[in-house]
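Residue numbers (my numbering), protein chains in the order written: chain A, 8 to 270; chain B, 1227 to 1503; chain C, 98 to 368.
We treat Cβ as the ideally placed atom computed from N, Cα and C, and that holds for glycine.
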Amino acid sequence: MSAARSFGQFYPVASPLHALDPRAKILATAVLLLGLFFVDSAAGLGLVAAAVVALVAASRVPLVTFLRLLRPVAFIVVLTVLFQILFSREGETLFAWGIVEVHEGGLWLGLFLGLRIVLLVSAAALLTATTAPLALTDGLEDLLSPLKKLRFPAHEVAMMMTIALRFIPTLHEESQKITRAQAARGADFAEGGPLARVRAAIPILIPLTVGAFRRADELAEAMESRGYRGGEGRTRYRELRLRLHDVIALAATVLVLAGAALL
Amino acid sequence: MPDPVSISCEGLTYSYPGGTEPALSSVSFEVRTGEYVGVVGPNGGGKSTLLRLLNGLLAADSGTVRIAGHDPATEPFEVRRRVGMLFQNPENGLVAPFVEDDVAFGLENLGVPREEMRVRVREAIRSVGLVGYERREPHTLSGGEKQRVALAGLLALEPEILLLDEPTSMLDAAGRREVLDRTQGLRGGKTILHVTHHLEELLDADRVLVMNGGGLVADVPPGDLVSDPDLLEKNHLALPPLLRLAAGLGLEAARPRTPEDLARAIREKARGRAGTR
Amino acid sequence: MRLELRNIRHVYSPGTPFEVEALRGVSLSVEPGEVLGILGGTGSGKSTLVQHMNLLLEPASGDVLVDGVDAATLKRSELRRRIGLVFQFPEAALFAPTVAEDVAFAPRRLGLNEGEIEDRVRESLVLAGADHLKDRSPFALSGGEQRRVAIAGVLAMGPEMLVLDEPTSGLDPASRQGLLRLIQTLQDTGTSVVLVSHNTDEIAEVADRICILEGGEVRAIGSPAEVFYTHPEFAPATVLTVTALDEIGWDIGQPVRFGETLRALGDLVEG
Chain A
8 MSAARSFGQF
18 YPVASPLHAL
28 DPRAKILATA
38 VLLLGLFFVD
48 SAAGLGLVAA
58 AVVALVAASR
68 VPLVTFLRLL
78 RPVAFIVVLT
88 VLFQILFSRE
98 GETLFAWGIV
108 EVHEGGLWLG
118 LFLGLRIVLL
128 VSAAALLTAT
138 TAPLALTDGL
148 EDLLSPLKKL
158 RFPAHEVAMM
168 MTIALRFIPT
178 LHEESQKITR
188 AQAARGADFA
198 EGGPLARVRA
208 AIPILIPLTV
218 GAFRRADELA
228 EAMESRGYRG
238 GEGRTRYREL
248 RLRLHDVIAL
258 AATVLVLAGA
268 ALL
Chain B
1227 MPDPVSISCE
1237 GLTYSYPGGT
1247 EPALSSVSFE
1257 VRTGEYVGVV
1267 GPNGGGKSTL
1277 LRLLNGLLAA
1287 DSGTVRIAGH
1297 DPATEPFEVR
1307 RRVGMLFQNP
1317 ENGLVAPFVE
1327 DDVAFGLENL
1337 GVPREEMRVR
1347 VREAIRSVGL
1357 VGYERREPHT
1367 LSGGEKQRVA
1377 LAGLLALEPE
1387 ILLLDEPTSM
1397 LDAAGRREVL
1407 DRTQGLRGGK
1417 TILHVTHHLE
1427 ELLDADRVLV
1437 MNGGGLVADV
1447 PPGDLVSDPD
1457 LLEKNHLALP
1467 PLLRLAAGLG
1477 LEAARPRTPE
1487 DLARAIREKA
1497 RGRAGTR
Chain C
98 MRLELRNIRH
108 VYSPGTPFEV
118 EALRGVSLSV
128 EPGEVLGILG
138 GTGSGKSTLV
148 QHMNLLLEPA
158 SGDVLVDGVD
168 AATLKRSELR
178 RRIGLVFQFP
188 EAALFAPTVA
198 EDVAFAPRRL
208 GLNEGEIEDR
218 VRESLVLAGA
228 DHLKDRSPFA
238 LSGGEQRRVA
248 IAGVLAMGPE
258 MLVLDEPTSG
268 LDPASRQGLL
278 RLIQTLQDTG
288 TSVVLVSHNT
298 DEIAEVADRI
308 CILEGGEVRA
318 IGSPAEVFYT
328 HPEFAPATVL
338 TVTALDEIGW
348 DIGQPVRFGE
358 TLRALGDLVE
368 G
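In structure tokens, the structure reads:
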């Protein structure tokens, strides 16, 4: 009876971003991520920031939800900013107190680096929030398939991701059931320090792992029985079609990043 | 002209690696096209091993198998396009995060073109009564619903033969009924081999194979099976309560399907007695 | 030990769009030494209900009373020791390298000394009919054997009451019979048993009282004859047969179990 949404990051709503082909989005995200490291001016970063804000707005994902996706990196961002502020000696001194010196250069660099981290994570968050997990695995499989020539198991990787998506909620429920069964035998998972808690997790982890292997065996039998023999000769039920606006979106991303890098 | 014999085994023998005794010992039988054959027997007696040898998940140590016109050990793929197998655990037969994608899985493996896939998936989902479930996620389904999705996935391939490996043993009463309604409905069209512990599921079968200790110990019509206490006991088979009651009252011949049937048989016998007094 | 549930309500995910009222005011009691059968299918709330008996789940409202004392005031570990709960497919929680070590898990948590633990392990394995499996790995056993080991693991706590959620689920007929006999053995030792199942015929064979749970509510509770003869949609094959005969005015009484039904009908048939 788990009420948890099974695919955590994806926010299902209709938006121009949601409608884009996942391959275009994955490539655009890659361009964004890589391109950001070539942007070294405040104006350039500002341009990218404006673009990202526009994309977040277009995604129709509520701001609150989006910010929650960024929460895990808030600590790193603050740390980065503070580090630069406190330890950089570039430019004029703005403020000094004992051994603590805040320089103008440090302030700007700190803010620059902090903003860049925020933009990097926002790009990734935009991708996962606007793309259904299955679409992501399909897109990745397609993009990686040229690598099959280099013996890269693109299909197998995509199949593994699909199966993982299928079983994550199931394994979650299973772990809850096992936890309750052990609690009924007197196990206490909340008491004791970190070492005790790790030891207390063993009666959950072992059955969960053994169960997962058994599950994998049965699943493999079922898959084989249904004619599975790897990626050769397989067709795909779900359709991915690259359309004009996908190409435009990708091109626009490249242009913005190129422009920002040149600024 | 379709082959009159769907499945045939001759001297089928198999031992699991590291096993001290053969799991299957020189088993021979034939199943004609369109027959509905039950397979019963104690756990470890060879029932599941047999099914896995039939669809090529295992390869026999000796003996021959021919199913849907092919040898599963050398042509497993050809066999699997024609033979669908439904497993015991409803959870571990579903591979995709959504119902319709799972039903399409087998079709994808066979390289069926997309447009045709859509039609066959839709039809398969309809045939198991799950219209509207297409975008549901497996973990939100009941056991009976999961098995029906698995069945739809098999039916989409339009198999000639169905192998059912205790498909209802992990389900509750409602789930069992859901699944059995659909599988019983496939009779006549397909050849079915149904492994189960619930003898009441096989009362309409054409024959029942009894497997024990790796051997085929009996091949009888269901009526003969349920009225042979020796056969039942030796093979650890349990009659459903209604039939046990009937047997206890000497009314096996009545073959009651429902309590009303049994009541009628009791009335007749009691009246008959009263008549002789 | 007498367990009483008073007006138990349980709501999953309250205040969210996924809110579900699994139990809508359930009241029942488990008398000392009895076997109470709870009959319910998927969606009846039975699994939610049993988890309230040892307060693994806490009710949104209502009380759980153990010998008249509010269970919420008792130490959780003590409560779970006195009321042993075996979930459906309990073998999924087996984890130790040997059966003996797995069964020792609960007594060890109780802080007993090694000697006492060994005794408990041996006794509960014998009770569960699994002592010949003591040194085997739990993962190398058959389904029926694993089931017995899992039950032994809970029995090792020495509970006064044992709650079994669908204990025969997925077992072959021989193992099922074995398990029902185990329930009768437990009752003989004075342990009360709550048996939750959707299998009417099985419950009818062992229960002293029956409770029918449907949609989170108690539909009926009473002696098997009372409950089954007034609720044919939940009745076992024996009761249904007798009911079908009743229609023509023969009075055979109200047998429920197989043995007594066979005798009653046998008399009728023999004249």
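Legend entry - Same chain only: Cβ atoms within 6 Å of Q185/C, ignoring 5 sequence neighbours per side: D262, E263 and S266
Inset, instruction - List the endpoints of the continuous alpha helix (DSSP H) containing R245/C. - result: G240 to L252
Legend entry - Interface partners of L182/C on chain A, CB under 7 Å: A191
Inset, instruction - Anything in chain C within Cβ reach of P1485/B, meaning under 8 Å, just list it in chain order. - result: A334, L337, T338, T340 and A341
Legend entry - Cβ-based burial, V254/A [other Cβ within 10 Å; buried from 16]: exposed
Inset, instruction - Would you mind sorting Q91/A into buried or exposed? The rule is 16 or more other CB atoms within 10 Å of its CB. - result: buried
Legend entry - Cα-Cα separation between V366/C and A1489/B, rounded to whole angstroms: 11 Å
Legend entry - CB contact check: A11/A to chain B, cutoff 8 Å: Reliability fails at A11/A, whose pLDDT of 38 lies under 50, so the model's placement of it is uncertain and the value that follows must be treated cautiously. Judged by the 8 Å Cβ criterion, A11/A is not in contact with chain B.
Inset, instruction - Determine, using beta carbons only, whether H107/C comes closer than 8 Å to chain B. - result: no
Legend entry - Any chain B beta carbon closer than 8 Å to A271/C: yes
Inset, instruction - Classify L1442/B as helix, strand or coil using the three-state DSSP reduction. - result: strand
Inset, instruction - Could I get the ranges of all uninterrupted beta strand (DSSP E) runs contained in the stretch 124-211 of chain C, with 3 residues as the minimum, in chain order? - result: 132-136, 158-163 and 180-183
Inset, instruction - Would you identify the three-state DSSP class for A165/A, choosing helix, strand or coil? - result: helix
Inset, instruction - State yes or no: is the C-beta of D1454/B within less than 8 Å of the C-beta of V1421/B? - result: no
Inset, instruction - Could you list the residues in the stretch 143-177 of chain A with a C-beta less than 8 Å from some C-beta on chain B, going in chain order? - result: T169, I170, L172, R173, P176 and T177
Legend entry - Close Cβ partners of L86/A (< 7 Å) along its chain, the five nearest in sequence each way excluded: none
Legend entry - Whole-angstrom distance between I248/C and F236/C, CA atom to CA atom: 15 Å
Legend entry - Stretch pair the stretch 1369-1389 of chain B + the stretch 1312-1322 of chain B: three plus CB contacts closer than 8 Å: yes
Legend entry - H1365/B burial status per 10 Å Cβ neighbour count (16 or more: buried): buried
Inset, instruction - Could you name the residues of the stretch 237-253 of chain A whose beta carbon sits closer than 8 Å to any beta carbon of chain B, in the order they occur along the chain? - result: G240, R241, T242, R243, Y244, R245 and E246
Inset, instruction - Return the CA-CA distance between F196/A and V127/C, expressed in angstroms with no decimal places. - result: 29 Å
Inset, instruction - Would you tell me roughly how many angstroms separate the C-alpha atoms of K156/A and G240/A, rounded to the nearest one? - result: 16 Å
Inset, instruction - Apply the 10 Å Cβ neighbour rule to T1394/B and answer buried if 16 or more other Cβ atoms are within range, or exposed otherwise. - result: buried
Legend entry - Cβ neighbour criterion (16 or more within 10 Å) applied to E1181/B: With chain B covering only 1227 through 1503, there is no way to say anything about residue 1181/B.
Legend entry - L41/A and L126/A closer than 8 Å at C-beta: no
Legend entry - Member of D1297/B, M1343/B and M1311/B whose CA lies at the smallest distance from the CA of E317/A: The requested residue 317/A does not occur in the structure, where chain A is confined to residues 8 to 270.
Legend entry - Identity of the residue in L264/A, L247/A, A56/A and H25/A nearest S129/A by Cα: A56/A
Inset, instruction - Taking the CB atoms as reference points, tell me whether G304/C and L133/C lie closer together than 8 Å. - result: According to the sequence provided, residue 304/C is Ala. The question's Gly does not apply to it. Yes, the Cβ-Cβ distance between A304/C and L133/C is below 8 Å.
Inset, instruction - Determine whether the Cβ of L1457/B lies closer than 8 Å to any Cβ atom of chain C. - result: no
Legend entry - D1407/B versus V1263/B: straight-line alpha-carbon distance, rounded: 16 Å
Inset, instruction - Between the Cα of V246/C and those of E213/C, A189/C and V293/C, spot the shortest distance and give me the residue it belongs to. - result: A189/C
Legend entry - Nearest-angstrom Cα separation, counted from D1432/B out to E1349/B: 28 Å
Inset, instruction - Starting from the C-beta of R178/C, find all residues in its chain whose C-beta is less than 6 Å away, skip the five residues before and the five after it, and write them out in chain order. - result: M254
Legend entry - Closer than 8 Å to chain C by CB, F14/A: Summary for F14/A: the model assigns pLDDT 44, below 50, so the residue's position carries little reliability, and this model does not support an answer.
Legend entry - Any C-beta of chain B under 8 Å from that of G234/A: yes
Inset, instruction - Output yes or no for whether 8 Å exceeds the beta carbon distance between A191/A and V251/C. - result: yes
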